[in-house]
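Take a look at the structure set out below.
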Amino acid sequence: MLETDPHHRTRRTLRDEEPVVRRRALALTKSAVRSMFRAPYHDRRIVLIFGCQRSGTTMIQQTVLDRSWHVLILEEHDRRLVGRNGVPEETAWEDYATVLARLRHIPFEVVVAKPLVESSQARELLDVAESAKGIWMLRRYDTVAQSNVERFGPHNPYRDLRPFCEHDPLDWRSRAATGETCDTVQSLVREGLAPLDAAALFWWARNRLYFDQHLWADERIRVLRYERACNQPEDAVAALSDYVGITLPVNSIASRLRPQSEDIHVTTLHPAVERLCRETWESFSGCPEF
0 MLETDPHHRT RRTLRDEEPV VRRRALALTK SAVRSMFRAP YHDRRIVLIF
50 GCQRSGTTMI QQTVLDRSWH VLILEEHDRR LVGRNGVPEE TAWEDYATVL
100 ARLRHIPFEV VVAKPLVESS QARELLDVAE SAKGIWMLRR YDTVAQSNVE
150 RFGPHNPYRD LRPFCEHDPL DWRSRAATGE TCDTVQSLVR EGLAPLDAAA
200 LFWWARNRLY FDQHLWADER IRVLRYERAC NQPEDAVAAL SDYVGITLPV
250 NSIASRLRPQ SEDIHVTTLH PAVERLCRET WESFSGCPEF
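According to numbering that gives the first Met the number 0, the sequence shown is numbered sequentially starting from 0.
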């Protein structure tokens, strides 16, 4: 059975300990400057960051892309994304056409948004966004599992898997998951999984969406490996600069990135979970990357 957490914390409590005040102050300053020096409409671009939670999506936004004055980062709960009628911590996007129209009117060369709960609709979003470009963040499954448990607690992975076991098409976690994915999750959960196993299995289910949507064949999206960004920042930032169409300050960025271990096995996982994750991890080797 899936476990429940009697001391479930709020989403706000669970969010990363980000320097919110400083980040928002920077965004306001950038916006004030851009209100006087607006980027021409035909020079504006949208970048969408997809992937599994705890895969470095916040890092690539704040530590890399936000270092440029030509880039505006939108918070996950920004009303331009979730609408004005949602609850304060809402992350599900409003009607895609409406949202993308709003983003195209922001006077920056590059506007970056992180539709993580919309990763199951990545292709649809890219279609609506027309000239937008996508990044699929990829980080090793064992380190993602550890980060998940350390950040959100040992009960969170079970909450993440419950919608798959219930075949819930409305919950963002299991939305667009194939019947095979749901059946696999349900079968392994019945066997009994430790928190790290459950977190790794969630990584597998979320990253299967990349292949289920055939994103490997879509030239509008590329995979960015977290470990590459941290261990080879100069090369990764140069490739990212070419991709988004602006020159990012590599020296400022590189000093803020911490090298990552190259060891694959950080922890021992349930054999079946390990096999699934490793196969999916290796499948990314042939996909378009930075």
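Cβ coordinates follow ideal geometry from the N, Cα and C atoms, glycine included. These numbers come from a predicted model, not from an experiment.
Per the coordinates, the alpha-carbon of S284 lies some 22 Å from the alpha-carbon of A176. In the DSSP assignment, R79 falls within the alpha helix (DSSP H) that extends over 78-81. Here Y40 is exposed: its Cβ has fewer than 16 other Cβ atoms, across all protein chains shown, within 10 Å. In terms of Cβ geometry, A112 and I220 do not form a close pair [threshold 8 Å]. Secondary-structure assignment with DSSP links G133 through a beta bridge to L47, I220. Looking from the CA of S186, the closest CA among I72, R33, C164, T142 belongs to C164. In terms of Cα proximity to T90, the closest of P162, M58, S118 is S118.
Cβ-Cβ separation between K29 and W92: approximately 22 Å, too far for a contact (criterion under 8 Å).
Between the alpha carbons of V188 and P153 lies a distance of about 15 Å.
Residue burial annotation: E75 is buried, with at least 16 other C-beta atoms found within 10 angstroms of its C-beta. Scanning the segment 180-238 for uninterrupted beta strand (DSSP E) segments of 3 residues or longer gives 220-224, listed from N- to C-terminal end.
Annotated three-state conformation of L247 is coil, per DSSP.
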